[in-house]
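Accompanying notes for the structure given below.
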Amino acid sequence: TQLLEQSPQFLSIQEGENLTVYCNSSSVFSSLQWYRQEPGEGPVLLVTVVTGGEVKKLKRLTFQFGDARKDSSLHITAAQPGDTGLYLCAGVGPNFNKFYFGSGTKLNVKP
Amino acid sequence: DVKVTQSSRYLVKRTGEKVFLECVQDMDHENMFWYRQDPGLGLRLIYFSYDVKMKEKGDIPEGYSVSREKKERFSLILESASTNQTSMYLCASSLGRASFYEQYFGPGTRLTVT
Chain L
1 TQLLEQSPQF LSIQEGENLT VYCNSSSVFS SLQWYRQEPG EGPVLLVTVV
51 TGGEVKKLKR LTFQFGDARK DSSLHITAAQ PGDTGLYLCA GVGPNFNKFY
101 FGSGTKLNVK P
Chain S
1001 DVKVTQSSRY LVKRTGEKVF LECVQDMDHE NMFWYRQDPG LGLRLIYFSY
1051 DVKMKEKGDI PEGYSVSREK KERFSLILES ASTNQTSMYL CASSLGRASF
1101 YEQYFGPGTR LTVT
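In the order they appear, the protein sequences are chains L and S. Numbers 1 to 111, taken from my numbering, label the letters of the first sequence in order. Numbers 1001 to 1114, taken from my numbering, label the letters of the second sequence in order.
Have a look at this one:
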């Protein structure tokens, strides 16, 4: 059982569409991160959210941390083929002693 | 820019062989990690180290050992490779205890055990 559940597992959309991916848990996290991983490469950190209710924007990407610090979402506006990749959420447990990854959302943006 | 390098991108080994995977980071990070990544399972932590000669077990340490003799280098050892250890292996590093959770990854080693 994954501590962090991501949905959907797969998403295939056309260029220009909007999308939201979710990262949910029954546990509270000290912080949550989002990574993007391209084929044949390691994950690259996109953002860290620390405060419950926090919203961070990175160009067309908007990240939100739930008020209770148990969930997070990533919204992409006007998706582009360059957004294609595996999106992973990751969280630090409340005692700062362990780091957990979700299983990921595989996004394919078609031109 | 932080750079984390891994010794091989692709590796094919036979069952029973001893396998060494090496990871080097160039930013003087204290923490280093080894994960394996399998479809549908995400990244699972094998071992991590927060200092030279220190190591801690992650979630799936069985069949693996690690070595950290120098701060910049963290090695993963498969004592006797088995087919269920076929996977993508990712090394990561992070700055220190306070930044424990901000990890920088290498490109990965895809290991096939036949």
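The C-beta atom is built at its ideal place from N, Cα and C for all residues, glycine as well. Keep in mind the model is a prediction, meaning the values are calculated, not measured.
Below 8 Å on the Cβ atoms is my guess for L:GLU15 versus L:LYS110; work out the distance and round it to an integer in Å.
Along the first sequence, one-based indexing puts residue 15 of chain L at 15. Along the first sequence, one-based indexing puts residue 110 of chain L at 110. That pair is a contact at about 6 Å.
Taking all protein chains shown into account, do 16 or more other C-beta atoms lie within 10 angstroms of the C-beta of L:PRO43, making it buried, or fewer, making it exposed?
The residue labelled residue 43 of chain L in the question sits at position 43 within the first sequence. Answer is buried; the Cβ neighbour count reaches 16.
Just the chain S side, please: which residues come within less than 7 Å of L:SER25 by C-beta, in chain order?
On the first sequence, residue 25 of chain L is found 25 positions in, with the first residue counted as 1. Ordered by position in chain S, no residue passes the 7 Å Cβ test against L:SER25, which lies about 13 Å from the chain.
Tell me the rounded alpha-carbon separation between L:SER46 and S:ARG1073.
As a position in the first sequence, residue 46 of chain L is number 46, starting the count at 1. As a position in the second sequence, residue 1073 of chain S is number 73, starting the count at 1. Here the sequence assigns Leu to residue 46 of chain L, which means Ser is not the residue at that position. Taking the straight line joining both Cα atoms gives about 25 Å.
Using a Cβ-Cβ cut-off of less than 7 Å, list which residues of the stretch 67-79 of chain L approach chain S; keep chain order.
Those residues of the stretch 67-79 of chain L that come within reach of chain S (Cβ to Cβ, closer than 7 Å) do not exist; the list is empty.
So with Cβ pairs under 8 Å, would you call S:GLY1040 a contact of chain L?
For the purposes of this step, residue 1040 of chain S is taken as residue 40 along the second sequence, with counting starting at 1. Output row for S:GLY1040: interface = yes.
Would you say S:LEU1076 reaches chain L, if we count a Cβ-Cβ gap shorter than 8 Å as a contact?
In the second sequence, residue 1076 of chain S corresponds to position 76, counting from 1. Closer than 8 Å: no.
Starting from S:PRO1107, find everything on chain L with Cβ-Cβ shorter than 8 Å and list it in chain order.
Here residue 1107 of chain S corresponds to residue number 107 of the second sequence, with the count starting at 1. Under the 8 Å cutoff, chain L gives GLY40, GLU41 and GLY42.
Can you give, in chain order, each stretch of the beta strand (DSSP E) that sits fully within the stretch 49-85 of chain L and has at least 3 residues?
55-58, 61-65 and 71-76, all fully within the stretch 49-85 of chain L.
Is the separation between the beta-carbon of S:VAL1004 and that of S:LYS1013 shorter than 8 Å?
Position 4 of the second sequence, counted from the first residue, corresponds to residue 1004 of chain S. Position 13 of the second sequence, counted from the first residue, corresponds to residue 1013 of chain S. The answer is no: Cβ separation not under 8 Å.
Here's the rule I'm using: 16 or more other beta-carbon atoms within 10 Å means buried, otherwise exposed. How should S:GLU1069 be labelled?
As a first step, residue 1069 of chain S must be located in the second sequence, where it is residue number 69. Exposed.
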